[in-house]
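Residue numbers (full-length UniProt numbering): 1 to 303.
Written out as structure tokens, the structure reads:
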């Protein structure tokens, strides 16, 4: 097993700052479109920051490269933060984010494969993990390729039976190239998700289905870096990362509060919300994707 090397403090801070920039992009985009799910984006900001800019291997100039890691946003309503990650990497214009959901723009409310970096359309919840299983199975048994598959899921959709059918499939076929990240932000569309923040139950269920499982603070970039590194060391088991998060993270009066699902920030409050998040950012250092398929799985963007 490789020895884990935690990113330096300045690198971890850069990931925290990037997560907050992703929040700002998501809030601005949904405000401009007067629709969307900024609170669902905010709960996943650190996960996207660490995944895209610390863990995944991806040649952005060649989206069809067979060695590219795969990412499936099963909670597709959080599409604005996926687009924000690509803008931060320099492959979308930040100004284009403000065209979210416009009729002449490909940045739809849910991701679709008309975008070169989207493999699966995920408007229907509960389907992303099954698609991810297919990718991981193909990679392990047919392509014999090095790519890994990462699926970000919502806690609400984890109530659907299709999710657990996929969990059983993945463990049966020993898909150790698959990682499912549960964004356990407690709140669903109209009320709390059934298990709320009972992460120990999620853990026991995933373990019962034969998955390597860990629970992390989904807003702690250091914990996420380690969990994703550790997942790559496991053999013959898929990995489930249960990330305890808060819907609307970073927004005073909205974080962890009911009745904010699918609602943009009010236009008269959006600048104060953005300023609140902006004040937490210590550096504007730009990060990039890693396309070096031979490098280690943590901290690679500093090479």
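Glycine included, every Cβ here is placed at the ideal spot set by N, Cα and C.
- Here residue 103 is exposed: its Cβ has fewer than 16 other Cβ atoms, across all protein chains shown, within 10 Å.
- The Cβ atoms of residue 154 and residue 183 sit closer than 9 Å to each other.
- Put simply, the region 65 to 76 does not touch the region 9 to 16. Fewer than three CB pairs are less than 8 Å apart.
- Going by C-alpha positions, residue 232 is about 45 Å away from residue 268.
- Residue 211 and residue 255 have their C-alpha atoms some 31 Å from each other.
- Its Cα nearest to that of residue 55, the residue 229 stands out among 283, 179 and 229.
- Look at residue 244 here: in three-state DSSP terms it is strand.
- Across the structure, residue 197 and residue 244 are spaced so that their CA atoms are roughly 7 Å apart.
- Our two residues, residue 280 and residue 22, have alpha carbons roughly 13 Å apart in a direct line.
- Judged by their CB atoms, residue 242 and residue 199 are nearer to each other than the 9 Å cut-off.
- Judged by beta-carbon spacing, residue 216 lies within the 9 Å limit of residue 227, meaning their Cβ atoms are closer than that value.
- Look at the region 163 to 232 and you find these whole runs of beta strand (DSSP E), each 3 residues long or longer: 178 to 184 and 212 to 217.
- Straight across, the Cα-Cα distance linking residue 144 with residue 67 is about 10 Å.
- Rounded to whole angstroms, the gap between the alpha carbons of residue 101 and residue 34 is 9 Å.
- Here the C-alpha atom of residue 223 lies approximately 21 Å from the C-alpha atom of residue 205.
- Residue 71 counts as buried, since no fewer than 16 other beta carbons sit within 10 angstroms of its beta carbon.
- Judged by pairs of C-beta atoms under 8 Å, the region 283 to 291 touches the region 49 to 63, as three or more such pairs exist.
- Residue 192 sits exposed, since fewer than 16 C-beta atoms from the chains shown fall within 10 Å of its C-beta.
- About 14 Å separates the Cβ atoms of residue 165 and residue 125, ruling out a contact at the 8 Å cut-off.
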